[in-house]
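Note that the working numbering has the sequence shown beginning at 250, numbered continuously upward. All C-beta atoms in this analysis are idealised placements derived from N, C-alpha and C, irrespective of residue type, glycine included. From a predicted model like this one, the values you see are computed outputs, not experimental measurements.
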Amino acid sequence: IGKTVLIVTNSKALNDRNDSRIRDWLEFNKNIVKKDKLEKYVRFDIRELPYSLWWKYFAASDIVLLPYKGNIGSGIFADCIATKKPMIGTNIKYFNEFAKDWGFIKIAKTEKDFGKVVKEVMKKKNYNKMILEFKRYLKQFGLTPLAKKYAKLYNSLK
250 IGKTVLIVTN
260 SKALNDRNDS
270 RIRDWLEFNK
280 NIVKKDKLEK
290 YVRFDIRELP
300 YSLWWKYFAA
310 SDIVLLPYKG
320 NIGSGIFADC
330 IATKKPMIGT
340 NIKYFNEFAK
350 DWGFIKIAKT
360 EKDFGKVVKE
370 VMKKKNYNKM
380 ILEFKRYLKQ
390 FGLTPLAKKY
400 AKLYNSLK
């Protein structure tokens, strides 16, 4: 059937403790899918996922959407960097700071902009540029460069 959008999430809000807002957002998206007759291409798996299944979904994804409301760090963001998964984040300070310097994350200015940004990111040229940005980032901040910085610091303390 070609590209499939799989929306995987826990129906409980983890960071903002506003479960009804999460459910409302999911219902809003389900209604769009139903209205536009996209059920064949968009699937929802809304439940508490076992860790092993979460990683299978993550590994199978082409891009990861980060629809955060608050200015917080993100473990999934770090997983995306480690595995070079392009991301689309909401218009929050944390994501904007990275997007300003690194092209591996694009920003959806509003919740309704995610679809438009997904379309742009999935263009082969744009997608490949995002992958190259991970390589540039990891060359500077990956494990080897970080280890060298720590070794230099420790050696200077002798």
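In this structure, the straight-line span from the alpha carbon of residue 384 to that of residue 353 is close to 10 Å.
Under the rule that a run must span 4 or more residues, the alpha helix (DSSP H) segments found entirely inside the segment 302-364 read 324-332 and 342-350. Contact annotation, residue 366 with residue 334: C-beta distance approximately 15 Å; criterion of less than 8 Å not satisfied.
For residue 255, the beta-bridge partners assigned by DSSP are 292. Per DSSP, residue 373 is one residue of the alpha helix (DSSP H) stretching across 373-390.
For the set 368, 349 and 358, the Cα lying nearest the Cα of residue 254 is the one of 368. Rounded to whole angstroms, the Cβ separation of residue 358 and residue 340 is 5 Å, and the two are in contact under 8 Å.
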